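Asker: Mind having a look at this structure? Questions to follow.
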Amino acid sequence: MSIKTVSTQPFLDQKPGTSGLRKSVQVFQKPHYLENFIQSIFDSLENLQGQTLVLGGDGRYYNRQAIQTILKMAAANGVGRILVGCNGILSTPAASCVIRGNGAYGGIILSASHNPGGVDGDFGVKYNISNGGPAPEKVTEAIFARTQVIDQYQILESADINLDHIGSFKLGTMEVEVIDPVKPYLELMESLFDFDLLHKCLTSGNFTMCMDSLHAVTGPYAKAIFENRLGAPEGTVINGEPLEDFGGGHPDPNLVYAKTLVDKLFGDNAPDFGAASDGDGDRNMILGRKFFVNPSDSLAILTANAHLVPGYKDGLKGVARSMPTSGAVDRVAEKLGIDCYETPTGWKFFGNLLDAEKVTLCGEESFGTGSNHVREKDGLWAVLFWLNIVAARGESVEQIVKSHWQEYGRNFYSRHDYEEVASDGAKALVDHVYSQFDNLKGKQFGQYIVAYADDFSYTDPVDGSVSKNQGLRIGFTDGSRIIFRLSGTGTKGATLRVYLESYEADVSKYDLDTQVALKELIDIAEEIAQIKKFTNRDQPTVIT
Ligand code: VG1
Ligand code: CO
1 MSIKTVSTQP FLDQKPGTSG LRKSVQVFQK PHYLENFIQS IFDSLENLQG QTLVLGGDGR
61 YYNRQAIQTI LKMAAANGVG RILVGCNGIL STPAASCVIR GNGAYGGIIL SASHNPGGVD
121 GDFGVKYNIS NGGPAPEKVT EAIFARTQVI DQYQILESAD INLDHIGSFK LGTMEVEVID
181 PVKPYLELME SLFDFDLLHK CLTSGNFTMC MDSLHAVTGP YAKAIFENRL GAPEGTVING
241 EPLEDFGGGH PDPNLVYAKT LVDKLFGDNA PDFGAASDGD GDRNMILGRK FFVNPSDSLA
301 ILTANAHLVP GYKDGLKGVA RSMPTSGAVD RVAEKLGIDC YETPTGWKFF GNLLDAEKVT
361 LCGEESFGTG SNHVREKDGL WAVLFWLNIV AARGESVEQI VKSHWQEYGR NFYSRHDYEE
421 VASDGAKALV DHVYSQFDNL KGKQFGQYIV AYADDFSYTD PVDGSVSKNQ GLRIGFTDGS
481 RIIFRLSGTG TKGATLRVYL ESYEADVSKY DLDTQVALKE LIDIAEEIAQ IKKFTNRDQP
541 TVIT
């Protein structure tokens, strides 16, 4: 077997976004496109020689081909050992778990998360560092800088590795271990949650659940955990076979794209508990019978009830939420007397806080929740956490959420997404909003008075690094907020996200529909940003 050096030219569009490099499959299939990015990762890492890496993906189209290419390039670049998930499968949180469990140098995760897959769908590459978490900005910036000047890459000329069975192989001098992608993750979950209690609950005959894996990566994990280990009846996990095109669906666990599950939970004979996860398994949606749990509330409720869960019974060091996430968790943190941090969108900003043991739980409004057990958000972990709380309290999801509001007040919260709008219009909207910032403070809109308007900037309290331009915030004197942000994960045009939040202390208003409760803020957002005009849309694509 010989190492081939291939000449190449830079692709100028390989800038990682909120969560890795995401492009359409067709772009990734351009000659040298994947190879350039992988070589740029290897070139940016110090002392890679002889190290251990972890490799796997969400099973989408091009996963297997990309893994073979990356294995051969890793061998040619002097990597010592690679742990790769059987069939090329590793959910994002499982990859994080395997990196940490084996003291690996880092890992490459192949996923475009919630973006659709298949020949006409998207593909993506993420690099994670030795703590198991997404590469911080200084690493992704170095990788991007390298992609701009790269002129060659190395690849081993050899046959493909058989990924269908667990086993060890040699690729040149590199060791390849094809590992069980589920086992280490299942063991980690067993160490955190009360599996005896959950087993009792799921086999009692008076508690039913439905887990929708949306034909994405969590299928094998969910079946192993809920059906095999915890004894839930077969069929508890639906859409549990990972498919290369996710069955044509959009593996995004929200009220629009997880429609089968939503119909079940809001239909006749609804189960007690429902959950869905996204393409790569790091996000979650939690539903009760005819009841939706807002992800921002979910973080607050997990925080308030963590003492009921074995892995967290000794208390939390602190919590963190992304800036657009509602302030519901802030009040829980205050009551518990622990710190609450506010970071920019994207899990990479939680890594330092977790490593420095400043926080135990983290969450984002975008259905992402996680803890210090790994360095990624973790969909099935959140489902188990909720089940553990439901079982320990012996109350329904709806009861738990409503009693939380009784105790802490309710943050009405909604995100309006305008997906795949024209990029020029979206940028013009942001400029238009920003141009008003000097004059907004003190201005009155109906009953709301603007307290501040700024472009969110974050200084990492651990390493002092500064991240600017993380979203336009308009805060009102009563604590309500409107935030405008452009997505960093889309691949077509631009996606505008409008985040709306208002705090309500009046118990008699808690049963109001969220969109009704937020109506005035929604109108103010339109007045300030002229969303209809700039996006050319009458209404959002997705409302959460
Ligand atoms: C979105 C979410 C963000 C999340 C990111 C990656 O980013 O808003 O909270 O961390 O997706 O999640 P953006 O830039 O499109 O708003 V995932 O599950 O795609 O790895
Ligand atoms: Co994801």
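Counting in UniProt numbering, the sequence shown runs from 1 upward without gaps. Just so it is clear, CB atoms sit at the ideal spot from N, CA and C, and this is done for glycine as well. Note that the coordinates shown come from a computational prediction; the quantities given were computed from them, not determined experimentally.
So residue 555 is in the beta strand (DSSP E); what residue range does that whole segment cover?
Answerer: With the chain covering only 1 through 544, there is no way to say anything about residue 555.
Asker: Using C-beta distances below 8 Å, list every residue in its chain close to E527, excluding the 5 sequence neighbours before and after it, in chain order.
Answerer: So the list reads F445, once near-sequence residues are dropped.
Asker: Quick check on L12: buried or exposed, where buried means 16 or more other Cβ atoms within 10 Å of its Cβ?
Answerer: With fewer than 16 Cβ atoms within 10 Å of its Cβ, L12 is classed as exposed.
Asker: Assuming L302 contacts A258 under a Cβ cut-off of 8 Å, what Cβ separation, rounded to an integer in Å, is found between them?
Answerer: About 20 Å; that fails the 8 Å criterion.
Asker: Pull up the distance between the alpha-carbon of G341 and that of R393, whole angstroms please.
Answerer: Contrary to the premise, residue 341 reads as Tyr rather than Gly in this sequence. Cα to Cα, the separation comes out at about 28 Å.
Asker: From this set, S465, L472 and Y61, which residue's C-alpha is nearest H432's C-alpha?
Answerer: The candidate whose alpha carbon is nearest that of H432 is L472.
Asker: Measure the alpha-carbon distance for A66 versus S96 and round it to whole angstroms.
Answerer: If I take the Cα positions, the gap works out to 19 Å.
Asker: Check whether the Cβ of D438 sits closer than 6 Å to any heavy atom of the ligand CO, and report yes or no.
Answerer: No, the beta carbon of D438 sits no closer than 6 Å to any heavy atom of the ligand CO.
Asker: For L261, which residues of its own chain have a beta-carbon under 6 Å away from its beta-carbon, when the five flanking residues on both sides are left out?
Answerer: Hits under 6 Å: D212, G274 and A276.
Asker: Given a threshold of 16 other Cβ atoms within 10 Å of its Cβ, counted over all protein chains shown, does M73 qualify as buried or as exposed?
Answerer: Burial call: buried.
Asker: Take T544 and list the residues in its own chain whose beta-carbon comes closer than 7 Å to its own, dropping the five residues that flank it on each side.
Answerer: Cβ within range, chain order: N254, L255, S414 and R415.
Asker: With a CB to CB cut of under 6 Å and the five nearest residues on each side skipped, what residues in its chain are close to P295?
Answerer: Closer than 6 Å at Cβ, skipping near neighbours: E365 and F367.
Asker: Just grab the DSSP bridge partners of E342 for me.
Answerer: According to DSSP, E342 bridges with R321.
Asker: Could you have a look at L486 and say whether DSSP puts it in helix, strand or coil?
Answerer: Strand at L486.
Asker: Please return the same chain residues whose Cβ sits closer than 6 Å to the Cβ of Q148, not counting the five positions on each side in sequence.
Answerer: Result list for Q148: P10, in chain order.
Asker: If distances are taken between C-alpha atoms only, which option among H32, D460 and A428 comes closest to K348?
Answerer: Of the listed residues, the one whose Cα sits closest to K348 is D460.
Asker: I'd like the span of the alpha helix (DSSP H) that includes A328, first residue to last.
Answerer: Start and end: A328 to L336.
Asker: Excluding five sequence neighbours on each side, which residues of the same chain lie with their C-beta closer than 6 Å to the C-beta of R81?
Answerer: The residues are T52 and E175.
Asker: Nearest CA to the CA of G189: which residue from R485, I483 and N372?
Answerer: Going by the sequence as given, residue 189 is Met instead of Gly. Here the closest residue by C-alpha is N372.
Asker: Among K358, L230, C86 and G103, which residue has its Cα nearest to the Cα of D164?
Answerer: When each option's Cα is compared against that of D164, the closest is C86.
Asker: If F226 and T236 are in contact, beta carbons under 8 Å, what's the gap, nearest whole angstrom?
Answerer: So it is a contact: roughly 5 Å between Cβ atoms.
Asker: Does the distance between the C-beta of S487 and the nearest non-hydrogen atom of the ligand VG1 fall short of 6 Å?
Answerer: Yes; taking the cut-off as 6 Å, the Cβ of S487 has a heavy atom of the ligand VG1 nearer than that.
Asker: Does DSSP classify V54 as helix, strand or coil?
Answerer: If DSSP states are grouped into helix, strand and coil, V54 belongs with the strands.
Asker: Let me check understanding here. Comparing Cα to Cα, which of G346, D339, S465 and F437 lies closest to P319?
Answerer: Correcting the residue identity first, residue 319 is Val in this sequence and not Pro. Of the candidates G346, D339, S465 and F437, the one whose C-alpha sits nearest the C-alpha of V319 is D339.
Asker: Since T360 and F350 should fall inside the 8 Å C-beta cutoff, what is the C-beta to C-beta distance between them, to a whole number of angstroms?
Answerer: Not quite, the Cβ-Cβ distance comes to about 11 Å (not below 8 Å), so this is no contact.
Asker: Just mark E501 as buried or exposed, buried being the case when its beta carbon has 16 or more other beta carbons within 10 Å.
Answerer: It is buried - the Cβ of E501 has at least 16 other Cβ atoms within 10 Å.
Asker: Are the region 410-430 and the region 529-536 touching, with three or more C-beta to C-beta distances below 8 Å?
Answerer: Result yes; three or more Cβ-Cβ pairs closer than 8 Å.
Asker: Our contact map puts E419 next to V542 with C-beta atoms below 8 Å; I'd like the distance itself, whole angstroms only.
Answerer: Yes, they are in contact, since the Cβ atoms of E419 and V542 sit about 7 Å apart, within 8 Å.
Asker: Look at G78 and Q39 and say whether their C-beta atoms are less than 7 Å apart.
Answerer: Contact flag unset, no.
Asker: Give the secondary structure of I225 by DSSP, where H, G and I count as helix, E and B as strand, and everything else as coil.
Answerer: Helix, per DSSP.
Asker: By DSSP, does K468 sit in helix, in strand, or in coil?
Answerer: Coil, per DSSP.
Asker: Return yes when at least one heavy atom of the ligand VG1 lies under 6 Å from the C-beta of T5, else no.
Answerer: T5: no, Cβ never under 6 Å from the ligand VG1.
Asker: Any heavy atom of the ligand VG1 inside 6 Å of the beta-carbon of T369?
Answerer: Not so, every heavy atom of the ligand VG1 lies at least 6 Å from the Cβ.
Asker: Is it right to say A422 is buried, meaning 16 or more other beta carbons lie within 10 angstroms of its own, or is it exposed?
Answerer: With fewer than 16 other Cβ atoms within 10 Å, it is exposed.
Asker: What is the rounded straight-line gap between the Cα of L90 and the Cα of F123?
Answerer: Between L90 and F123, the C-alpha separation is close to 15 Å.
Asker: Any idea what DSSP makes of R410, helix, strand or coil?
Answerer: Reduced to three states, the DSSP call for R410 is strand.
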